[in-house]
């Protein structure tokens, strides 16, 4: 594990004893050298607009997230161990609160599985891994926002509809 030191967003130890993936796939933390056009395309499938993420911007954001203290950003990828392709990713970040005696809440964001890998239960396994990280960080709840057409999927992952999402783009 030492060979990955400072190249990964967080310690791989958080991923031990997680859910099992199909053969030739594995969970791992996002790495500083993960920027690629394919990764950019995977992320862009989450949005109706296309955004370019330069290698420099990726590395600067990675460094910022990695240096956060206390550690609060956890981006997990699923990698094809043969091709080294990132075929899915998701983020859980920890919000430190004053509410509930200075508790912590987790937010799951940016969950995406490459189209060619959908329907193989990978999204559910990724949510399970992100939720596991939230529990290990002793969060009292996990929050996520999703498009209406994804509600049934997240219900299968043990999430409940509890409110209305509001946005203001600035």
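Numbering (our numbering), first residue to last: 26 to 195.
Beta carbons are placed, not taken as given, at the ideal position from N, Cα and C, and that holds for glycine.
Relative to the C-alpha of residue i, which candidate in the options has its C-alpha closest?
i	options	result
residue 126	164, 94 and 133	164
residue 95	129, 136 and 154	129
residue 45	150, 184, 178 and 162	150
residue 179	193, 146 and 194	146
residue 139	99, 173 and 70	70
residue 91	36, 175 and 141	36
residue 184	47, 169 and 53	169
residue 41	173, 47, 53 and 72	53
Leaving aside the five residues before and after residue i along the sequence, list all residues of the same chain whose C-beta is less than 8 Å from its C-beta, in chain order.
i	result
residue 191	none
residue 30	At residue 30 the pLDDT is 48, less than 50, meaning the model places this residue with poor confidence and gives no usable figure here.
residue 63	110 and 111
residue 162	119, 129 and 131
Buried or exposed for residue i, going by 16 or more other Cβ atoms inside 10 Å?
i	result
residue 167	buried
residue 33	buried
residue 88	exposed
residue 121	exposed
residue 104	buried
residue 16	Residue 16 lies beyond the range of the chain shown here (26 to 195); nothing can be said about it.
residue 74	exposed
residue 55	buried
residue 99	buried
For the beta strand (DSSP E) that contains residue i, what are its first and last residues?
i	result
residue 116	111-121
residue 126	It is not in any beta strand (DSSP E) - residue 126 instead sits in the alpha helix (DSSP H) that spans 124-127.
residue 99	98-105
Which same chain residues, not among the five before or five after residue i, have their C-beta less than 7 Å away from its C-beta?
i	result
residue 143	none
residue 155	101, 115, 117 and 133
residue 157	43
Span of the alpha helix (DSSP H) holding residue i?
i	result
residue 92	80-92
residue 68	62-69
residue 149	147-161
residue 189	Neither: residue 189 is in no alpha helix (DSSP H) and is coded neither H nor E.
residue 166	It is not in any alpha helix (DSSP H) - residue 166 instead sits in the beta strand (DSSP E) that spans 166-169.
residue 178	176-181
Starting from the C-beta of residue i, find all residues in its chain whose C-beta is less than 6 Å away, skip the five residues before and the five after it, and write them out in chain order.
i	result
residue 38	none
residue 182	149 and 152
residue 82	none
residue 26	Bear in mind that the predicted position of residue 26 carries a pLDDT of just 43, short of 50, making it too unreliable to give a figure here.
Using 8 Å for Cβ pairs, my map puts residue i next to residue j. What's the rounded Cβ distance?
i	j	result
residue 68	residue 137	7 Å
residue 77	residue 65	7 Å
residue 113	residue 159	In fact, because the Cβ distance is near 18 Å, the residues do not count as touching under 8 Å.
residue 51	residue 108	Not a contact, Cβ separation roughly 12 Å.
residue 60	residue 84	7 Å
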